[in-house]
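Top to bottom, those sequences are chains A and B.
Read left to right, the first sequence gives residues 36 to 255 (our numbering).
Read left to right, the second sequence gives residues 36 to 255 (our numbering).
The C-beta atom is built at its ideal place from N, Cα and C for all residues, glycine as well.
These figures come from a predicted structure and were not determined experimentally.
Number of protein chains: 2
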Amino acid sequence: MRHFDELLEQLRRKLLEMSALVESSILDSIKSLTERNSSEAEAVFKRESEINQLEIHIDDIATSLLALEQPVANDLRFITAAAKINSNLERIGDLAVNIAERSESLIRHPQFPVRADIPRLADLATSMVQQSLDAFVKKDTDVARGVLLSDDAVDDLRDSIYNELIGYMKKNPQAVQPCVDLMFAARSLERIADHATNIAEGVIFMIDGVDVRHHAQAGR
Amino acid sequence: MRHFDELLEQLRRKLLEMSALVESSILDSIKSLTERNSSEAEAVFKRESEINQLEIHIDDIATSLLALEQPVANDLRFITAAAKINSNLERIGDLAVNIAERSESLIRHPQFPVRADIPRLADLATSMVQQSLDAFVKKDTDVARGVLLSDDAVDDLRDSIYNELIGYMKKNPQAVQPCVDLMFAARSLERIADHATNIAEGVIFMIDGVDVRHHAQAGR
């Protein structure tokens, strides 16, 4: 096996490792939010620096591959897609930290119920991330395109959560803090879904060489 | 001039064009926020698709450069840094859109004053973006490192804005909507500052080949 191929395999392996870590952080952060579980939040905080270090390591491998020799078109697309997926995964890890921080604040308001739509948004965002990574592993553009279709549902759900929480705060000023926590948690979940969309776009580019970014916004 | 050098120059030029567009969007979005000016918000919305198209174009140039031949270490670092700066700039453009959207909502609550710390946060975030781009143009790591130092001030300012707005909402439930708008605008300004930090880190990597990311968080 050439050194180049070994590094390429290492890039693939490390990215899967990164995916697994980030997926654990999403699931833990959501559990901490919906079940008011402080130890799950702690697990997210502990995983943060591992994810950050792995991001840098994966970037180093990608840069070495580009420096080593002139990659053929397929490999080049894989390397640049991997670099983008890597940075999106790191950002998802950060957002899981944000959610865990909001959970810690919410735990101090046990009388305030978590709104019903938050777990739905969490499920949707989680499954988008899982699908986008699945699309990457299986090189399946159909699965990747499926992720892009969920984007509108996420925005609708976020808007309805915002509206419900704003209405609740107006009538219950003592609940402002937990409502604000939930709004920011919903915002983080929406951003996680956005990063899943970015990953899916990266997978489509990697396989088909077609750039599908920003098509929805073009008609603004 | 070789085709490679021409493309490299084009990459540099297009990135400066992107910087100028995004800087205009930040300034317009802040003006729309602090002066309740709807036409400035409109200008931000109109600029969005131009920024998105330019992001894709810049990415294409970077990919072509990597495919064309094996770049030497210096050029390779410039190309990968340019790609990262590009994606951070596009994200800053998105955040300016978020701020402009919040401004439009705020314009419907003219009786509610914009909190004093918001313009300060806006100034800080804007100057961080300008400095990070200046560091890129002048290849000046001192300027880039200066940007990294502003990060704590941004977080402190954001926290004090959040606390003030939460206190205000508790006492004035009728002002929940404009307060929420301002909280999200502050969040967007903080994220703009984070992207300026990312750009500064990219500049340092480009010049020194040293990866300075995540050092602050390592001791979490």
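Pick from the options: whose alpha carbon is nearest that of residue i?
{"i": "A/Ser59", "options": "A/Phe80, A/Arg71, A/Phe39, A/Glu41", "result": "A/Phe80"}
{"i": "A/Asp95", "options": "A/Leu42, A/Asp158, A/Val172, A/Arg222", "result": "A/Leu42"}
{"i": "B/Asp215", "options": "B/Glu90, B/Glu139, B/Asn87, B/Leu111", "result": "The question names Asp, yet the displayed sequence has Val at residue 215 of chain B. Ranking B/Glu90, B/Glu139, B/Asn87, B/Leu111 by Cα distance to B/Val215 puts B/Glu139 first."}
{"i": "B/Arg112", "options": "B/Asn207, B/Gly181, B/Glu136, B/Ile239", "result": "B/Ile239"}
{"i": "A/Ser162", "options": "A/His144, A/Leu183, A/Lys174", "result": "A/Leu183"}
{"i": "A/Asp63", "options": "A/Glu75, A/Met53, A/Ser54, A/Ile134", "result": "A/Glu75"}
{"i": "A/Ile134", "options": "A/Ala157, A/Leu124, A/Leu200", "result": "A/Ala157"}
{"i": "B/Ser167", "options": "B/Leu141, B/Val149, B/Asp194, B/Ala117", "result": "B/Ala117"}
{"i": "A/Ala160", "options": "A/Ala55, A/Thr232, A/Arg37", "result": "A/Thr232"}
{"i": "A/Arg71", "options": "A/Leu141, A/His249, A/Asp175, A/Leu51", "result": "A/Leu141"}
{"i": "B/Glu83", "options": "B/Thr176, B/Val211, B/Glu125, B/Pro208", "result": "B/Glu125"}
{"i": "B/Ile227", "options": "B/Ser185, B/Leu51, B/Ser73", "result": "B/Ser185"}
{"i": "A/Ile201", "options": "B/Arg48, B/Pro213, B/Asn121, B/Ser99", "result": "B/Pro213"}
Hey, could you find the ends of the alpha helix (DSSP H) residue i is sitting in?
{"i": "A/Lys205", "result": "186-206"}
{"i": "B/Glu104", "result": "First-last for B/Glu104: undefined, no H or E at that position."}
{"i": "A/Lys119", "result": "108-142"}
{"i": "B/Ala246", "result": "Note that residue 246 of chain B is Asp in the sequence shown here, rather than Ala. Premise fails: B/Asp246 is in no alpha helix (DSSP H) and is neither H nor E."}
Tell me whether residue i sits in a helix, a strand or coil according to DSSP, three-state version.
{"i": "A/Ser54", "result": "helix"}
{"i": "A/Gln252", "result": "Any reading at A/Gln252 must be qualified, since the residue scores a pLDDT of 44, below 50, and its modelled position is unreliable; the value itself is stated next. Helix at A/Gln252."}
{"i": "A/Pro148", "result": "coil"}
{"i": "A/Arg226", "result": "helix"}
{"i": "B/Asn72", "result": "coil"}
{"i": "A/Lys174", "result": "coil"}
{"i": "B/Arg37", "result": "coil"}
{"i": "B/Thr232", "result": "helix"}
- Taking a cut of 7 Å between CB atoms, which residues from the region 94-114 of chain A lie near chain B? Thr98, Leu101, Ala102, Glu104, Gln105, Ala108, Leu111
*asked:* Taking beta-carbon pairs under 7 Å, can you tell me which members of the region 179-208 of chain A lie near chain B?
replied: Within the region 179-208 of chain A, the residues whose Cβ lies closer than 7 Å to any Cβ of chain B are, in chain order, Ile201, Met204, Lys205, Pro208.
Could you list the residues in the region 152-172 of chain A with a C-beta less than 7 Å from some C-beta on chain B, going in chain order? none
Subject >> the region 64-94 of chain A: positions lying closer than 7 Å to chain B by Cβ >> reply: Phe80, Glu83, Ser84, Asn87, Ile91
*asked:* If the cut-off is 8 Å on Cβ atoms, which residues from the region 45-58 of chain A count as contacting chain B, listed in chain order?
replied: none
Which residues of the region 138-152 of chain B have a Cβ closer than 8 Å to any Cβ of chain A? Give them in chain order. none
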